[in-house]
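Participant: Below you will find the structure I want to go over with you.
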Amino acid sequence: MGGNKNKWIWLAIGAILLLIYPLVITLPFPRHLMIMIFLYATLGLAWNMIGGYAGQISLGHAVYFGAGAYTSTLLLMKLGVTPWLGMLAGGLISIGLAFVIGYPCFKLAGHYFAIATIAIGEIAQHWMLNWDWAGAAVGLTLPILPESFLNLEFHTSKMPYYYIAFGIFALTIYVTYRIDRSKLGYYFKAIKGDLEAARSLGINVPRYKFYALALSAFFTSLCGSFYAQYILFIDPDSVFPLMLSIVVCLIATLGGVGTVWGPVIGAYILIPISEFTRIQFGGGGKGTDLIIYGFLIMVISIYQPFGVIGIAKRFKKKESE
Amino acid sequence: MALLEVKQLTKNFGGLMANDHIDLFVQEGEIVGLIGPNGAGKTTLFNCIAGFYPSSSGQVLFQGEDITGLLSNEICLKGIARTFQLVRVFKDMPVLDNVMIGAFNRTGSASVARKKAMEVLEFCGLMAKKGMLAGGLTIADKKRLELAKAFATGPTLLLLDEAMAGLNQTETAEAVELVKKIRKAGVTILLVEHVMEVVMPISNRVVVLDYGRKIAEDTPEKVIHNEEVIKAYLGDKYHASRRAH
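This is how it looks when you write it as structure tokens:
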């Protein structure tokens, strides 16, 4: 099929461009911008697994992000474990959290589920603000270790971070792609479409909701660990904020939920806006990006409820007609 | 041994006895019609058999195994599939994907599910519409898709809840043909139907419910001459017309 072949060519071109980007662009800011895009695109993709495919709107994803950041950091600081193992441990802990959170919350439907996840996110943040052993409100400053891949710390150049972020992003895209085309993806969409019908066709609804949340939590957690290693400082306000949960949801929604590329497009639009307004207005302009986000979301929901990717699909359809 | 055996099944919603100690059996290879006036408890009985409602008391045996209290998805896995009176198609998904979700009941592989779904679409005469979004289908095709989804789960027994309601005569005839074809493919069928004319020609046996109780069970020919059945169906109407005069 010609269309399919074209798709693979575009994908290859995209990947090559992204791989040579840091070799050509040597300034730190453009590299930082791309790292942030990868990070948020991955978060959007992870959120999309539960929120987009399975239709369970979580507004508490910061819990898994924070769990990842704190697990790898605490393991590194208290036991000297390499952040790579810490990242994996964080992912597993987040799967455990997904079970603990999902078990009661999945009994709730629609917006009640969303509200419950907000509450859990808030509880988690306040818990961390008061937990002295884990740094409480002061946060944790990661030890400065010699630059190495094993230590996941690089001080002279952002290039290694770029490739690691790209790697995590590519892995998440790959997993999403596999979900999209497998039994999991179909079952997630069925749960989103009609619960009763899903049950009648043999779908164990609570189990598949948990699978979706566990996958989502795992990849969100990886991002948290990466963030900790990249910024080298975490506190409950930076890794557990409600705003993070909301932004992640916005990215997926703006780009197009329940699709492989929607969240990626969302991140490419929102993150540059956020970074540039931050530079333009500094701390005083905090929230300017959100005003723009809000506006974009309104426009999108009025004119194209399937997100930016929906607009792209419509154009493609017109072309082929 | 009957394929499906319902023993003394009772379901009450508060003070309302929707099903009152109902006994019912379905032999392998049969088409059994479940009929009765509005509110007779047909759909409730279906929901109890298929695990959508927990029954208040009584037992459901399938292939000799007690399936009372199992969840609907577990019952589907055992081999009982159902359709809904108000169709529940996944409207934002293409027809093919709808049927694939059913087919995944028996396989973990997407390619196997797709192949099975294509066979089912061909069988049900929906092949030409496989790429359409289910929400855009006509009522008749939605009903057909509802059947195709359930059939794709690989059932031994198919429960059809008013699969022909709201269809015109031609569409009804086509739907009846499809039901017959599915039976020929080796699936036993229990169907709820409101319209006598639909049930009578295709059913081997007919069970009649009224006010939650079984009032008759016989061959179609005998059932239509049954006093109680005539009263259940025509009694109220008869009284109403008398009062009007």
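From first to last, the protein sequence lines are chains A and B. All the letters of the first sequence, read from the start, carry residue numbers 30 to 350 under the working numbering. All the letters of the second sequence, read from the start, carry residue numbers 970 to 1214 under the working numbering. Don't be surprised by glycine CBs; every beta carbon is placed ideally from N, CA and C. In this text, all values refer to a predicted model and were calculated from it rather than measured experimentally.
Can you round the beta-carbon distance between Val92(A) and Gly150(A) to whole angstroms, since I take them to be within the 8 Å contact cut?
Facilitator: Residue numbering aside, residue 92(A) sits at position 63 when the first sequence is read from its first letter. Residue numbering aside, residue 150(A) sits at position 121 when the first sequence is read from its first letter. Correct: roughly 5 Å between the Cβ atoms.
Participant: Is the separation between the beta-carbon of Ile79(A) and that of His140(A) shorter than 9 Å?
Facilitator: Translated into positions along the first sequence, residue 79(A) becomes position 50. Translated into positions along the first sequence, residue 140(A) becomes position 111. For Ile79(A) and His140(A), no; Cβs fall outside 9 Å.
Participant: For Met30(A), decide whether its Cβ has a neighbour in chain B, counting only Cβ atoms nearer than 9 Å.
Facilitator: Numbered from its first residue, the first sequence carries residue 30(A) at position 1. At Met30(A), the pLDDT of 44 sits below 50, so the modelled position is not reliable; the number obtained from the coordinates is stated separately. No, because no Cβ of chain B sits closer than 9 Å to the Cβ of Met30(A).
Participant: Tell me whether the beta-carbon of Ile66(A) lies closer than 9 Å to the beta-carbon of Ile300(A).
Facilitator: Position 37 of the first sequence, counting from 1, holds the residue named residue 66(A). Position 271 of the first sequence, counting from 1, holds the residue named residue 300(A). Contact: yes.
Participant: Roughly how many angstroms lie between the CA atoms of Met1087(B) and Arg1174(B), to the nearest whole one?
Facilitator: Against the second sequence, residue 1087(B) aligns to sequence position 118. Against the second sequence, residue 1174(B) aligns to sequence position 205. When rounded, the distance between both Cα atoms is 32 Å.
Participant: Between the stretch 198-213 of chain A and chain B, which residues of the former have a C-beta closer than 9 Å to a C-beta of the latter?
Facilitator: Going along the stretch 198-213 of chain A in chain order, one finds Arg210, Ser211, Lys212 with a Cβ nearer than 9 Å to chain B.
Participant: Listing by chain order, which chain A residues have their CB less than 8 Å from the CB of Ala1185(B)?
Facilitator: For the purposes of this step, residue 1185(B) is taken as the residue at position 216 of the second sequence. Near Ala1185(B) there are no residues of chain A at all, since even the closest Cβ is about 29 Å away, more than 8 Å.
Participant: Could you give the residue range of the beta strand (DSSP E) that holds Ser1026(B)?
Facilitator: Residue numbering aside, residue 1026(B) sits at position 57 when the second sequence is read from its first letter. 1026-1031 is the span of the beta strand (DSSP E), which, as asked, contains Ser1026(B).
Participant: Pick out whichever of Thr1012(B), Ile1049(B), Thr1037(B), Lys1112(B) has its Cα sitting closest to the Cα of Pro1059(B).
Facilitator: Taking the first residue of the second sequence as 1, we reach residue 1059(B) at position 90. In the sequence as presented, Pro is not what sits at residue 1059(B); that position holds Phe. Closest option to Phe1059(B), Cα to Cα, is Lys1112(B).
Participant: Which residues of the stretch 1120-1143 of chain B have a Cβ closer than 7 Å to any Cβ of chain A? Give them in chain order.
Facilitator: Flagged, chain order: Thr1122.
Participant: To which residues of the same chain is Thr1125(B) closer than 6 Å at the C-beta, ignoring the five residues directly before and after it?
Facilitator: Your numbering for residue 1125(B) matches position 156 in the second sequence. Gly1048, listed in sequence order.
Participant: Which one of Ile1036(B), Met1101(B), Ile1171(B) has the shortest CA to CA distance from Val1068(B)?
Facilitator: Here residue 1068(B) refers to the residue found at position 99 when the second sequence is read from its first residue. The shortest C-alpha separation from Val1068(B) is found at Met1101(B).
Participant: Mind pulling the alpha helix (DSSP H) runs of 4 or more residues that sit fully within the stretch 1057-1124 of chain B?
Facilitator: If we require 4 residues or more, the alpha helix (DSSP H) runs fully inside the stretch 1057-1124 of chain B come out as 1064-1072, 1079-1093, 1108-1121.
Participant: Quick check on this structure: which residue in Ala70(A), Ile173(A), Phe344(A), Gly287(A) has the alpha carbon closest to the alpha carbon of Arg210(A)?
Facilitator: For the purposes of this step, residue 210(A) is taken as residue 181 along the first sequence, with counting starting at 1. Among Ala70(A), Ile173(A), Phe344(A), Gly287(A), the Cα nearest to that of Arg210(A) belongs to Gly287(A).
Participant: Does the beta-carbon of Asp1110(B) have 16 or more other beta-carbons within 10 angstroms, so that it is buried, or is it exposed?
Facilitator: Position 141 of the second sequence, counted from the first residue, corresponds to residue 1110(B). Buried, by the Cβ-count rule.
Participant: Since Ala96(A) and Leu48(A) are thought to touch, with beta carbons under 8 Å apart, how far apart are those beta carbons, to the nearest angstrom?
Facilitator: Taking the first residue of the first sequence as position 1, residue 96(A) is located at position 67. Taking the first residue of the first sequence as position 1, residue 48(A) is located at position 19. That belief does not hold up - the Cβ atoms of Ala96(A) and Leu48(A) are roughly 31 Å apart, past 8 Å.
Participant: Would you verify that the beta carbon of Val1064(B) is, or is not, closer than 9 Å to some beta carbon of chain A?
Facilitator: Sequence index remark: in the second sequence, residue 1064(B) carries index 95 (1-based). No, its Cβ sits nowhere closer than 9 Å to a Cβ of chain A.
Participant: Assign Gly1002(B) to one of three DSSP states: helix, strand, or coil.
Facilitator: Walking along the second sequence from the start, residue 1002(B) turns up at place 33. Three-state result, Gly1002(B): strand.
Participant: Measure how close the beta-carbons of Trp76(A) and Ala226(A) come, nearest whole angstrom, since I'm counting them as under 8 Å.
Facilitator: What you label residue 76(A) is simply residue 47 of the first sequence in a count that begins at 1. What you label residue 226(A) is simply residue 197 of the first sequence in a count that begins at 1. Rounded, the Cβ-Cβ distance is 25 Å, inconsistent with contact.
Participant: Starting from the Cα of Val1056(B), find the closest Cα among Gly1135(B), Tyr1180(B), Gln1032(B) and give me that residue.
Facilitator: Locating residue 1056(B) in the second sequence gives position 87, where the first residue counts as 1. Among Gly1135(B), Tyr1180(B), Gln1032(B), the Cα nearest to that of Val1056(B) belongs to Gly1135(B).
Participant: Can you tell me whether Thr317(A) is helix, strand or coil according to DSSP?
Facilitator: Looking up residue 317(A) in the first sequence gives position 288. Helix at Thr317(A).
Participant: For the stretch 217-270 of chain A, list the alpha helix (DSSP H) runs that are entirely contained and at least 4 residues long, ordered along the chain.
Facilitator: Whole alpha helix (DSSP H) segments, 4+ residues: 224-229, 234-260, 265-268.
Participant: So does the stretch 1156-1173 of chain B actually touch the stretch 993-1000 of chain B, counting three or more Cβ pairs closer than 8 Å?
Facilitator: The stretch 1156-1173 of chain B, when compared against the stretch 993-1000 of chain B, does touch it at the 8 Å Cβ threshold.
Participant: Determine, using beta carbons only, whether Arg228(A) comes closer than 9 Å to chain B.
Facilitator: Counted from its first residue, the first sequence places residue 228(A) at position 199. Chain B, which has a Cβ nearer than 9 Å to the Cβ of Arg228(A), makes this yes.
Participant: Is there a Cβ from chain A that is less than 9 Å from the Cβ of Cys1045(B)?
Facilitator: Residue numbering aside, residue 1045(B) sits at position 76 when the second sequence is read from its first letter. Yes, contact with chain A.
Participant: Between the stretch 43-77 of chain A and chain B, which residues of the former have CB atoms less than 9 Å from a CB of the latter, in chain order?
Facilitator: Answer set for the stretch 43-77 of chain A: empty.
Participant: Find the residues of chain A that neighbour Gly1100(B), judging by a C-beta separation of less than 7 Å, and give them in chain order.
Facilitator: Here residue 1100(B) corresponds to residue number 131 of the second sequence, with the count starting at 1. Neighbours of Gly1100(B) on chain A: none; closest Cβ ~12 Å, over 7 Å.
Participant: For a cutoff of 9 Å on Cβ pairs, would you count Asn35(A) as touching chain B?
Facilitator: As a working mapping, residue 35(A) is identified with position 6 in the first sequence. Output row for Asn35(A): interface = no.
Participant: Cβ of Leu973(B) within 9 Å of Cβ of Ser1026(B)?
Facilitator: Locating residue 973(B) in the second sequence gives position 4, counting from the first residue. Locating residue 1026(B) in the second sequence gives position 57, counting from the first residue. Not closer than 9 Å, so no.
Participant: Any C-beta of chain B sitting closer than 9 Å to the C-beta of Glu225(A)?
Facilitator: On the first sequence, residue 225(A) is found 196 positions in, with the first residue counted as 1. Chain B contact via Cβ: present.
Participant: Is there a Cβ of chain A sitting closer than 9 Å to that of Leu1040(B), yes or no?
Facilitator: In the second sequence, the residue the question calls residue 1040(B) occupies position 71. Output row for Leu1040(B): interface = yes.
Participant: Helix, strand or coil for Met1228(B)? Go by DSSP, reduced to three states.
Facilitator: The structure shown does not extend to residue 1228(B), since chain B is modelled only from 970 to 1214, so the question has no answer here.
Participant: Terminal residues of the continuous alpha helix (DSSP H) containing Arg1182(B)?
Facilitator: By 1-based counting over the second sequence, the position of residue 1182(B) is 213. Note, Arg1182(B): premise wrong, no alpha helix (DSSP H); beta strand (DSSP E) at 1182-1187.
Participant: Which partner residues does Val1176(B) have in the DSSP bridge list?
Facilitator: Residue 1176(B) sits at position 207 when you count from the first residue of the second sequence. Leu1003(B), Glu1186(B), per the DSSP bridge assignment.
Participant: Which of the three DSSP states is assigned to Lys1149(B) in this structure?
Facilitator: By 1-based counting over the second sequence, the position of residue 1149(B) is 180. Helix at Lys1149(B).
Participant: If we count Cβ pairs, one from each stretch, closer than 8 Å, do we get three or more for the stretch 235-255 of chain A versus the stretch 207-223 of chain A?
Facilitator: Flag = yes, the stretch 235-255 of chain A and the stretch 207-223 of chain A touch.
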